[in-house]
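Peer 1: Just passing along the structure, written as structure tokens.
Residue numbers (the working numbering): 3 to 134.
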């Protein structure tokens, strides 16, 4: 790791601990050249599968589109933002657990419907009426 102060190539780790609910590692480092201390964070990169549309087109997974769909279905429903974020994370985790490089949009829609059915039946019906 290059030192942000003197740009030397070597530093030593003097402390490591988990951060961000175990999703990151926080490392306290000391430059072996200038002796300055700095902090780095390590986290993993999550790669979502590509989405195969009903017309055969292959698009990257779009979290913003999923969020918009959920927000539209849950509009004016007694659901907190925290519940929405949890459902969004759960849906993405379930898609990743499929272990596929490509996932059909129909499969994603079914996963979303299962999640909404558990969360709010009215939102489930709203999503299903648009989705199918």
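Even for Gly, the Cβ is constructed at its ideal location relative to N, Cα and C.
Following the continuous beta strand (DSSP E) through residue 7, name the residue where it begins and the one where it ends.
Peer 2: For this step, residue 7 is matched to residue 5 along the chain shown. Per DSSP, residue 7 belongs to no beta strand (DSSP E) and is neither H nor E.
Peer 1: Considering only the beta carbon of each residue, do residue 114 and residue 76 sit closer than 9 Å?
Peer 2: What you label residue 114 is simply residue 112 of the chain shown in a count that begins at 1. What you label residue 76 is simply residue 74 of the chain shown in a count that begins at 1. Their beta carbons are not under 9 Å apart, which means residue 114 does not touch residue 76 by this criterion.
Peer 1: Say whether the segment 49-59 touches the segment 92-107, bearing in mind that this needs 3 or more beta-carbon pairs closer than 8 Å, one atom from each stretch.
Peer 2: Contact between the segment 49-59 and the segment 92-107 is present, because at least three Cβ pairs lie under 8 Å.
Peer 1: Could you tell me which uninterrupted beta strand (DSSP E) segments, each at least 3 residues in length, are contained entirely in the segment 79-106, listed from first to last along the chain?
Peer 2: Taking only runs of at least 3 residues, the beta strand (DSSP E) segments lying wholly in the segment 79-106 are 104-106.
Peer 1: Ignore the nearest five residues each way along the sequence and tell me which others in residue 50's own chain have a CB closer than 8 Å to its CB.
Peer 2: Residue 50 sits at position 48 when you count from the first residue of the chain shown. Within the same chain, residue 50 has close Cβ partners 62, 63, 65, 94, 97 and 98.
Peer 1: Residues in the same chain with beta-carbon distance under 7 Å from residue 81, minus the five sequence neighbours each way, listed in chain order, please.
Peer 2: Mapped onto the chain shown, residue 81 falls at position 79. Excluding sequence neighbours, residue 81 sits near 121 and 122.
Peer 1: Where does residue 109 fall in DSSP's three states?
Peer 2: For the purposes of this step, residue 109 is taken as the residue at position 107 of the chain shown. The answer is helix: DSSP assigns residue 109 an H, G or I state.
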